[in-house]
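The next block holds one structure in the form of structure tokens; read it before the comments.
Residue numbers (the numbering used here): 26 to 515.
Set out below in structure tokens:
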């Protein structure tokens, strides 16, 4: 039962309103006849709602002044009762933000409707406030830095973790352009990207995580990871940024990369030597061999060659992660590179009893690429195709469009579930249905993807269970400039 305080200096009206309220099931706490008395009773009784007359004769304090005091101190919803309606009264009471108006004389149903609307609004405000308090509590207790920016990229929310991470209090950060936490040399780039987001009105909820350099108040820089989400209130877009300090993670990654690089370098040379010795033995340089010896040496050669490839993959990943991959983009005949990769795998294909189909090979495709990196990417994909195909064939074809040389490598293997395709180009992702003994290191596709990106190209996979795989490459074409008669190049 909602409790109501009535404030009016006319006893007849007070009695009538009290009768209405009682019949509607509300509890009337008391009736006040002045603004001063209304404030005292509001403090003492804490009603759920106040019905306040605006003009009370013979009183120094009118209803508007009393309502302002009550709102500021107690935040109790107020409905004004007045015999003087119109825009003037509404303007005079605007600062109070009343929950409704009742123009005297009013009917019981008008009173009931106005009270119900006011109480509903107050309840919704209470729920919203509680929700905001819970949200703020969660956000302030988060270990990630969380900040909210408006469409002009000015900060208006900044949690405790952000204060700790960047060294600025909320008062110091509020209203500043968010790029003040980015080193000056990177600010324009970051700002341009954010402006692009605003202009294109992209949906950034669940957008992928990005890395950037953060700047603390003391001038120190640190690697940070951040994600971005957008939300709209009254047709205005806002962004929430969640940032994490990844300094320790970067140190661990660097240590791991350095370790892998060191070990791989130390292993690569002896394995290359072992493979060379086996080649010499198989060629007869060390004397004649019987069939059993040849068989064992061939197995050793295959195993050492595959170990060498795995070590090479680990070294490539180490270089990719450290950003020290050298690249030399030059014009190359696409088919020359493909045939070189095919020749490297012919014995492997023959040993597994697979058929190699070379179809629609356009001999006139010249691409802009790093020959070694493109060869490595193709070789890794062909190796995977053979590895995961137990019977059937491997088909390779080339063609071109206006911008790219296009390569398709198709196998008749088990295929890959569609829900796993997005993970294939990540490190250590291996199709769970692959034969265990031949699962490999799971690094080849990741390297292929990274190498293609370095050459402004791309590689993608389409597949489904029981339908094999199609791996499609695209690499930029080399286009010769033709000099026209007017001397201009095209």
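Think of the CB as a built atom: it goes at the ideal place given N, C-alpha and C, for glycine as much as any other residue.
No experiment lies behind these values; they were computed from the predicted model shown.
| Query | Result |
| --- | --- |
| Looking at the structure shown, is residue 263 part of a helix, part of a strand, or coil, going by DSSP? | strand |
| Determine whether the beta carbon atoms of residue 476 and residue 433 lie at a separation below 9 Å. | no |
| With residue 251 and residue 235 assumed to form a contact (beta carbons below 8 Å), what rounded beta-carbon distance in angstroms separates them? | 6 Å |
| Closest to residue 137 by CA distance: which of 48, 152, 81, 60 is it? | 48 |
| Count the other CB atoms within 10 Å of the CB of residue 460; is the residue buried (16 or more) or exposed (fewer)? | Residue placement at residue 460 cannot be trusted, given a pLDDT of 41 that sits under 50; the coordinates are not used to answer. |
| Using a threshold of 9 Å, state whether the C-beta atoms of residue 178 and residue 270 are closer than that. | no |
| Is it buried or exposed, residue 341, if we count other Cβ atoms within 10 angstroms and call 16 or more buried? | buried |
| Quick check: what's the CA-CA separation for residue 153 versus residue 284? | 53 Å |
| Is the beta carbon of residue 419 less than 9 Å from the beta carbon of residue 411? | yes |
| From residue 443 to residue 490, what does the alpha carbon distance come to, in whole angstroms? | 8 Å |
| Drop a sphere of 10 angstroms on the beta-carbon of residue 409, count the other beta-carbons inside from all chains shown, and report buried for 16 or more, exposed for fewer. | buried |
| What do you reckon, are the CB atoms on residue 120 and residue 93 nearer than 9 Å? | yes |
| Counting contacts by CB-CB distance shorter than 9 Å, is residue 329 in contact with chain C? | The question asks about chain C, but that chain is absent: this structure has only one protein chain. |
| Rank 448, 330, 133 by C-alpha distance to the C-alpha of residue 294 and give the top, closest one. | 330 |
| Given this structure, state the Cα-to-Cα distance separating residue 390 from residue 338, to the nearest angstrom. | 28 Å |
| Determine whether the beta carbon atoms of residue 423 and residue 430 lie at a separation below 9 Å. | yes |
| For residue 351 and residue 480, which I take to be in contact (beta-carbon distance under 8 Å), what is that distance rounded to the nearest angstrom? | Contact doesn't hold; Cβ gap of about 12 Å is too wide. |
| For my contact list, residue 180 and residue 174 are in at a C-beta cut-off of 8 Å; report their separation, rounded to the angstrom. | 5 Å |
| For residue 290, does the count of other Cβ atoms within 10 angstroms reach 16, so buried, or fall short, so exposed? | exposed |
| From residue 237 to residue 323, what does the alpha carbon distance come to, in whole angstroms? | 49 Å |
| Can you tell me which of 131, 416, 486, 317 puts its alpha carbon nearest to the alpha carbon of residue 447? | 486 |
| For residue 20, which of helix, strand or coil comes out of DSSP? | As displayed, the chain neither begins before 26 nor continues past 515, which places residue 20 out of reach and without an answer. |
| Let me make sure I understand the geometry here. Which of 440, 483, 380 has the alpha-carbon closest to that of residue 450? | 483 |
| Since residue 211 contacts residue 392 with CB under 8 Å, what's their CB separation in whole angstroms? | Not a contact, Cβ separation roughly 33 Å. |
| Any chance you could list the alpha helix (DSSP H) runs of at least 4 consecutive residues sitting entirely within the stretch 165-230, in chain order? | 185-191, 195-198, 209-225 |
| In three-state terms, what does DSSP make of residue 485? | strand |
| Applying the 10 Å Cβ sphere with the 16-neighbour rule, what's the burial state of residue 256? | exposed |
| Suppose contacts are defined by Cβ-Cβ distances below 9 Å. Is residue 297 in contact with residue 333 by that definition? | yes |
| Quick one, are the C-beta atoms of residue 127 and residue 72 less than 9 Å apart? | no |
| Confirm, please, whether the CB-CB distance from residue 56 to residue 33 is below 9 Å. | yes |
| Could you check if residue 62 is buried or exposed, using at least 16 other CB atoms within 10 Å of its CB as the buried criterion? | buried |
| For the beta strand (DSSP E) containing residue 108, list its first residue and its last residue. | Premise fails: residue 108 is in no beta strand (DSSP E) and is neither H nor E. |
| In or out: residue 164 buried (at least 16 other Cβ within 10 Å) or exposed? | buried |
| Give the DSSP-derived three-state secondary structure of residue 130 in the structure shown. | coil |
| Buried or exposed: where does residue 258 fall if 16 or more other Cβ atoms within 10 Å of its Cβ makes it buried? | exposed |
| Compute the distance between the beta-carbons of residue 277 and residue 169, then report whether it is under 9 Å. | no |
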